[in-house]
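**Student:** Pasting a structure below so you can have a look.
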Amino acid sequence: MTATIVGAGFAGLRSAMLLNRAGWSVRVVEARSRIGGRAWTERFGTGEEYESGAEWIDADHYRVLRLLEEFGLTPAVEDLGPRRFSYLGETIGEDEWPGFPTIEDQFFDGLSNAPTVRTLQDYVAKFPLSPRDRWRLTTELMSDEGDSLDRIGFAEWRKTVALYEAREGGEVSAWRFPGGVTRILEAMAATLPQPPETRVTVRRIDADGTVTTDEDTWQSDAVIVTPPPAVLASIELPVAMPALPMSRTVKLAIRYERAWWHPAGGRLQTDGPATQLWPAAGGIPVLIAYLYGDDAEATVQAEDPGARVREGIESRLPESRGLWIEAKLIDWIHDPFALGGFSLRPPDLEFRLLPPAGRIHWAGEWTADWFGFVEGALESAERVTAEIAARTA
Ligand SMILES: Cc1cc2nc3c(=O)[nH]c(=O)nc-3n(C[C@H](O)[C@H](O)[C@H](O)COP(=O)(O)OP(=O)(O)OC[C@H]3O[C@@H](n4cnc5c(N)ncnc54)[C@H](O)[C@@H]3O)c2cc1C
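For the sequence shown, my numbering gives the first residue as 4, with consecutive numbering after it.
Here it is, written out as structure tokens:
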């Protein structure tokens with residue numbers, strides 16, 4: 004039996020591994036010049052490495068942990084120190100905000116009998132909070148969702164919270180990929196008898212398993228399609244895709260002369276254009292600015308995105324002044340093969356997994372319960388390969 008897999012991100016590579024193990028002949032085609040999709044380790048000209056996309060593994064992302072184990076890898080732990088918040092010119096340590104854990108508990112506890120509202124923003128607005136507490140709650144939720152809360156449908160968001168509540172004391176962002184995410188992606192690709200074919204953009208897929216690129220047409224017993232729906236709009240398909248938007252999430256990697264955030268720690272959340280900051284792995288003087296929502300949009304559209312973020316950091320954290328060397332913007336919003344950070348479940352949409360269209364099967368983080376995560380991409384690979392096995396049995 005033959006399968007074509009469209010996209011060599013985590014979902015595509017894991018699907019290929021699983022089908023290959025089940026005895027299928029697998030062809031992976033990838034539009035970019037590299038594998039990895041929304042996960043790849045990049046480096047500055049001077050050699051310092053940083054993650055351009057996926058970076059963190061939550062403690063209960065068991066599929067990711069099992070995958071690392073398969074390759075003899077142990078997730079990397081780093082104590083980044085407590086978080087600090089910069090709000091209206093004041094820098095506040097996590098421990099100096101004692102009432103906040105109670106506010107968060109009340110917020111999530113209230114969900115069990117929450118009124119039906121349209122967006123996550125509407126739900127937050129119902130809570131009587133001081134402006135400072137409201138800012139922190141909003142910015143933390145936005146960080147999780149990767150976008151403004153008025154773009155997040157409340158009903159679907161509530162379902163994801165149920166998933167988090169089921170975690171066994173799991174910690175968010177507990178680990179990073181050891182040695183960088185590229186290492187695991189390359190290890191996955193190396194298990195395949197035929198390496199993924201890069202720079203091959205699929206233009207059309209038919210229900211009978213025919214795949215068409217600019218140069219070639221071939222037929223397979225199964226086709227697994229992994230890019231997100233927004234990207235699939237540019238492929239001719241026999242069915243309509245769900246209207247799932249992508250988060251406005253980008254990163255700016257900043258190289259400094261020295262790690263000025265020591266010893267206070269580099270985990271910062273600000274009310275400026277550098278919404279969230281954390282140090283890159285390995286104690287190097289590189290800080291990642293993680294931007295989402297309107298800040299991300301305004302930054303990628305700025306004439307000089309680096310200067311915008313730099314001003315935002317230096318005005319709030321004067322200790323950083325004079326140490327900036329260079330910055331690299333990773334603009335996922337305008338990346339034609341991603342069109343954003345990760346899939347969102349918008350207001351007024353009840354997500355339903357698309358059934359296979361003939362020989363075409365859908366995978367990718369957007370199809371999973373753990374959508375938005377590498378864990379979701381791996382979950383989708385397990386689901387889709389079982390789906391194919393059942394259809395072809
Ligand atoms: C800034 C950022 C930070 C993130 N942080 C985290 C994190 O800390 N932890 C976490 O778990 N997740 C994180 N994520 C999410 C994570 O990166 C994704 O959920 C995961 O990588 C998605 O994998 P995928 O295989 O489903 O999709 P993708 O990686 O997007 O793979 C789809 C592939 O299809 C290819 N493709 C598209 N169109 C075509 C075509 N026409 N023909 C052929 N190939 C095509 C694409 O190039 C791509 O390689 C982050 C994402 C971003 C952008």
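Glycine included, every Cβ here is placed at the ideal spot set by N, Cα and C.
Would you call the CB atoms of S36 and G149 closer than 8 Å?
**Tutor:** no
**Student:** Contact defined as beta carbons within less than 8 Å: I believe G255 pairs with A210. What is the distance between those atoms, to the nearest angstrom?
**Tutor:** In the sequence as displayed, the identity of residue 255 is Leu instead of Gly. Wrong, their Cβ atoms sit about 42 Å apart, outside the cutoff.
**Student:** Where does I155 fall in DSSP's three states?
**Tutor:** coil
**Student:** Measure the alpha-carbon distance for R154 versus L123 and round it to whole angstroms.
**Tutor:** 8 Å
**Student:** What number of angstroms, rounded off, separates the C-alpha of G50 from the C-alpha of D136?
**Tutor:** 40 Å
**Student:** Near A158, which residues of its chain fall below 8 Å by C-beta distance, leaving aside the five closest residues on each side in sequence?
**Tutor:** Same-chain partners within the cutoff: T119 and E353.
**Student:** Find out if the Cβ-Cβ distance for the pair V9, I227 is shorter than 8 Å.
**Tutor:** yes
**Student:** Can you find at least 3 beta carbon pairs, one from the region 275–288 and one from the region 51–63, that sit closer than 8 Å?
**Tutor:** Contact between the region 275–288 and the region 51–63 is present, because at least three Cβ pairs lie under 8 Å.
**Student:** If you draw a straight line from the alpha carbon of P104 to that of L347, how long is it in whole angstroms?
**Tutor:** 26 Å
**Student:** Would you say the beta carbon of G3 comes nearer than 7 Å to a heavy atom of ligand 1?
**Tutor:** The chain is shown from 4 up to 396; residue 3 falls before or after that span and cannot be answered.
**Student:** Within a Cβ cutoff of 6 Å, which residues of the same chain sit near L280, ignoring the five residues on either side of it in sequence?
**Tutor:** In its chain, beyond the 5 residues on either side, L271, L290 and A292 have a beta carbon closer than 6 Å to the beta carbon of L280.
**Student:** Following a CB-centred definition, is P276 positioned closer than 7 Å to any heavy atom of ligand 1?
**Tutor:** no
**Student:** Indicate whether R319 and G275 have their beta-carbon atoms separated by less than 8 Å.
**Tutor:** Result yes, Cβ atoms of R319 and G275 sit closer than 8 Å.
**Student:** Counting only runs that start and end within the region 160–246, where is the alpha helix (DSSP H) found for 4 or more residues in a row?
**Tutor:** 184–193 and 232–235
**Student:** Beta carbon of V289: closer than 7 Å to some heavy atom of ligand 1?
**Tutor:** no
**Student:** Give the secondary structure of F345 by DSSP, where H, G and I count as helix, E and B as strand, and everything else as coil.
**Tutor:** coil
**Student:** What runs of the alpha helix (DSSP H), each 4 residues or longer, lie entirely inside the region 41–74?
**Tutor:** 65–73
**Student:** CB of T105 to nearest heavy atom of ligand 1: below 7 Å?
**Tutor:** In this structure, ligand 1 has no non-hydrogen atom nearer than 7 Å to the beta-carbon of T105.
**Student:** Inspect the CB distances between the region 294–308 and the region 93–101 and report whether three or more fall short of 8 Å.
**Tutor:** The answer is no - the region 93–101 does not touch the region 294–308, with fewer than three Cβ pairs under 8 Å.
**Student:** In whole angstroms, what is the alpha-carbon distance linking F180 and W59?
**Tutor:** 7 Å
**Student:** Secondary structure at A79, three-state DSSP: helix, strand or coil?
**Tutor:** Three-state result, A79: strand.
**Student:** Helix, strand or coil, according to DSSP, for F374 in the structure here?
**Tutor:** coil
**Student:** Would you list the residues sitting across from P282 in a DSSP beta bridge?
**Tutor:** L290
**Student:** Taking 7 Å as the cut-off, is the beta-carbon of A19 closer than that to any non-hydrogen atom of ligand 1?
**Tutor:** no
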